[in-house]
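One structure is given below, encoded as structure tokens.
Number of protein chains: 2
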Amino acid sequence: MFKYDYPHPAVTTDCVIFGYDTREGLSVLLIERGIEPFRGCWAFPGGFMRIDEDADTGALRELKEETGFEPLYIEQFGAFTDVDRDPRERVITIAYLALVKKGPVAGGDDASKARWFPLNAVPALAFDHDRILRVAISRLREQIHFRPIGFDLLPPVFTMPQLQSLYESILGTHFDRRNFAAKMLHLGLLEADKERSENTPRRVPTTYRFNKDRYEEMKSGGFRIEF
Amino acid sequence: MFKYDYPHPAVTTDCVIFGYDTREGLSVLLIERGIEPFRGCWAFPGGFMRIDEDADTGALRELKEETGFEPLYIEQFGAFTDVDRDPRERVITIAYLALVKKGPVAGGDDASKARWFPLNAVPALAFDHDRILRVAISRLREQIHFRPIGFDLLPPVFTMPQLQSLYESILGTHFDRRNFAAKMLHLGLLEADKERSENTPRRVPTTYRFNKDRYEEMKSGGFRIEF
DNA sequence: TTCATATTGTGTGAATTTTACGCAAAGATA
DNA sequence: TATCTTTGCGTAAAATTCACACAATATGAA
Chain Z
91 MFKYDYPHPA VTTDCVIFGY DTREGLSVLL IERGIEPFRG CWAFPGGFMR
141 IDEDADTGAL RELKEETGFE PLYIEQFGAF TDVDRDPRER VITIAYLALV
191 KKGPVAGGDD ASKARWFPLN AVPALAFDHD RILRVAISRL REQIHFRPIG
241 FDLLPPVFTM PQLQSLYESI LGTHFDRRNF AAKMLHLGLL EADKERSENT
291 PRRVPTTYRF NKDRYEEMKS GGFRIEF
Chain D
91 MFKYDYPHPA VTTDCVIFGY DTREGLSVLL IERGIEPFRG CWAFPGGFMR
141 IDEDADTGAL RELKEETGFE PLYIEQFGAF TDVDRDPRER VITIAYLALV
191 KKGPVAGGDD ASKARWFPLN AVPALAFDHD RILRVAISRL REQIHFRPIG
241 FDLLPPVFTM PQLQSLYESI LGTHFDRRNF AAKMLHLGLL EADKERSENT
291 PRRVPTTYRF NKDRYEEMKS GGFRIEF
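As they're listed, the protein sequences go chains Z and D. The first sequence finishes on residue 317 if you use this note's numbering, and the numbering steps up by one all the way, no holes. The second sequence finishes on residue 317 if you use this note's numbering, and the numbering steps up by one all the way, no holes.
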């Protein structure tokens, strides 16, 4: 039993985990809650922050425990603190945005009910997670202009059409194929690859790799990807 | 006495309050701590979040109580959760960025020791507030591209040189006078004012007002101020 | 093998925006 | 009235964005 002179809220972390594939576009990973409150509802993986770990560590721990994924990018994007957002007691949550390489859920102990949902087919969510998701998406859209985080969602070797549909999926817009390729190549972050991509219906597109060293160089002088 | 099965951290809010005037440029409002820990150190106004209010409400309350200012803009920009950031007990803080019309500190009860510091003359700060300040400044620089929040820092009627030095002060850069004016006017957010500005050494610059209605119109179609 | 089809790679000119900078007008001071 | 400083306006060159055409490559059917 832990005692305080003043009431303290409980603190949780929640992870909005995005993944991507060409078939379903941008998707988010949800877990079906096995316990009350909101039993049977879908929610973000997350849990109580331990008293001896910071929120970043806690979010990462919960993410791995509940989904088995190793995030390629993770970033705190806000605290959600509405007084009655949790029916049990006063709980505030610190929300994280994570990108992972999409795949079948490897499954830790709790992961039996984890599933990917394409962004346009997300069910009603527990707590205030609907609002958290909206904020996460708008944050992802902002971030993609400043960091090449999109590349974390693709395999290490990818084609220009793949890269374009990823960007279109995240930003919800359509780009001219030729202008998109020109801009991307002009950034100097891509290098053409020898290998050929597999499983393409028509002409085989050239494959590229993301040059992370080049990106690190560019960051020092400030940096922005325009679209 | 409040008892929990699991340990709960304390939760505070802290406000990084920015003000501006031509003489000192961008400044931040700090309070000298009267109690331990960090007694005598300068820190952001803030305090414990109440169990029956959300963080936004708490931040606003503390801001008003401790400084007497009414923020023209306020925005949460992050939670800081390092395990040992407070020597007393586990305390996490939710940090807010606020803009106020700079003036003498009106002073609530605690405000006796509040003072404005120009950004290039900020003393060492209590807790992890140095880091919080750095994050706040970079957030302010980002935000100024998407919202005309700079106008909240100026008097309702202002001149183009005033507006320019505000932007230069926030972004830490220098713009060509003529190009800056052209871009600003081109946005359509300014309307020329009849009145003349006072106290100018040479030629009297024309004065402008910020057209908030026009801004609200523009927001719907997405919006970005480029520099 | 050949042809029609689908998809990718590259280029180019027009329109727009950014950038650098010249010059005259307006007020203050001598 | 002359001089100095600051503001307002304009313009040409450079860079970027945007719309679009055409050739090249692979597949599958004839």
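Glycine included, each C-beta is placed from N, C-alpha and C at the ideal position. On a predicted model such as this, the values are computed, not experimentally measured, just so you know.
Under the DSSP assignment, T183(D) falls outside any alpha helix (DSSP H), being part of the beta strand (DSSP E) whose first and last residues are V181 to L189. When CB distances to chain D are screened at a threshold of 8 Å, the residues of the segment 141-175 of chain Z falling below it are I141, D142, E143, D144, A145, D146, Q166, G168, A169, T171, D172 and V173, in chain order. When P135(D), I141(D), E165(D) and D174(D) are compared, the shortest CA-CA separation from E155(D) is found for P135(D). Residue nearest to T296(Z) within the set M308(Z), K309(Z), P251(Z) and R314(Z) is P251(Z) (criterion: CA-CA distance). For Y186(D), not one C-beta of chain Z is nearer than 8 Å to its own C-beta.
Only buried fits K192(Z), as 16 or more other CB atoms lie within 10 angstroms of its CB. For the pair I182(Z) and F167(Z), the CB atoms are not nearer than the 8 Å cut-off. Annotated three-state conformation of G109(D) is strand, per DSSP.
Beta-bridge annotation (DSSP): E232(D) is not paired with any residue. Listed in chain order, the alpha helix (DSSP H) runs fully inside the segment 143-169 of chain Z are 145-157, counting runs of at least 4 residues. Counting along the chain, the unbroken beta strand (DSSP E) around E122(Z) starts and ends at G115 to E122. Three or more beta-carbon pairs drawn from the segment 103-115 of chain D and the segment 132-151 of chain D are found closer than 8 Å, and the two stretches are therefore classed as touching.
At least one C-beta of chain D is nearer than 8 Å to the C-beta of V101(Z). Chain-ordered, the chain Z residues with CB closer than 8 Å to the CB of P97(D) read F92 and I141. Looking only at L256(Z), Y163(Z), M308(Z) and R178(Z), the smallest Cα-Cα distance to Y186(Z) is reached by Y163(Z). Here R229(D) has F167 and L187 as same chain residues with Cβ atoms under 7 Å from its own Cβ, once five neighbours each way along the sequence are excluded. For F138(Z), the residues of chain D that pass the 8 Å Cβ criterion are Y96, in the order they occur in the chain.
For R237(D), DSSP assigns no beta-bridge partner whatsoever.
Nearest Cα to I121(Z) within the set R175(Z), V212(Z), D111(Z) and R237(Z): V212(Z).
At a cut-off of 8 Å between C-beta atoms, I182(D) counts as an interface residue with respect to chain Z. Counting only the Cα atoms, S310(D) lies some 12 Å from D303(D). Taking 8 Å as the cut-off, the beta carbon of G109(Z) is found closer than this to the beta carbon of V190(Z). Between I234(D) and I260(D), the CB-CB gap stays under 8 Å. Shown here for R175(D): same chain residues with a beta carbon closer than 6 Å to its own, the five before and five after excluded, namely F217 and D218 in chain order.
For A271(Z), the uninterrupted alpha helix (DSSP H) run begins and ends at R267 to L277, by DSSP.
Inter-residue distance for P245(D) and R299(D) is about 9 Å (C-alpha atoms, whole angstroms). Residue pairing by DSSP places V247(D) opposite R299(D) in a beta bridge. For G136(Z), the uninterrupted beta strand (DSSP E) run begins and ends at G136 to F138, by DSSP.
About 52 Å separates the CB atoms of H98(Z) and H276(D); that is not less than 8 Å, and the two are not in contact. Taking each of Y96(Z), Q254(Z) and V173(Z) in turn and checking the Cα distance to A271(Z), the smallest one comes out for Q254(Z). Beta-bridge annotation (DSSP): K93(Z) is paired with K93(D). One thing to note: F317(D) has its Cβ no nearer than 8 Å to the Cβ of Y96(Z).
In the three-state scheme derived from DSSP, where H, G and I count as helix and E and B as strand, V101(D) is classed as strand.
When C-alpha distances from A282(D) are compared across P161(D), W206(D) and T249(D), the shortest belongs to T249(D).
Separation of G124(D) and D111(D) (C-alpha to C-alpha, rounded to the nearest whole angstrom) is 28 Å.
Excluding residues up to 5 positions away in sequence, I260 and L261 lie with their Cβ nearer than 7 Å to the Cβ of R231(D) in the same chain.
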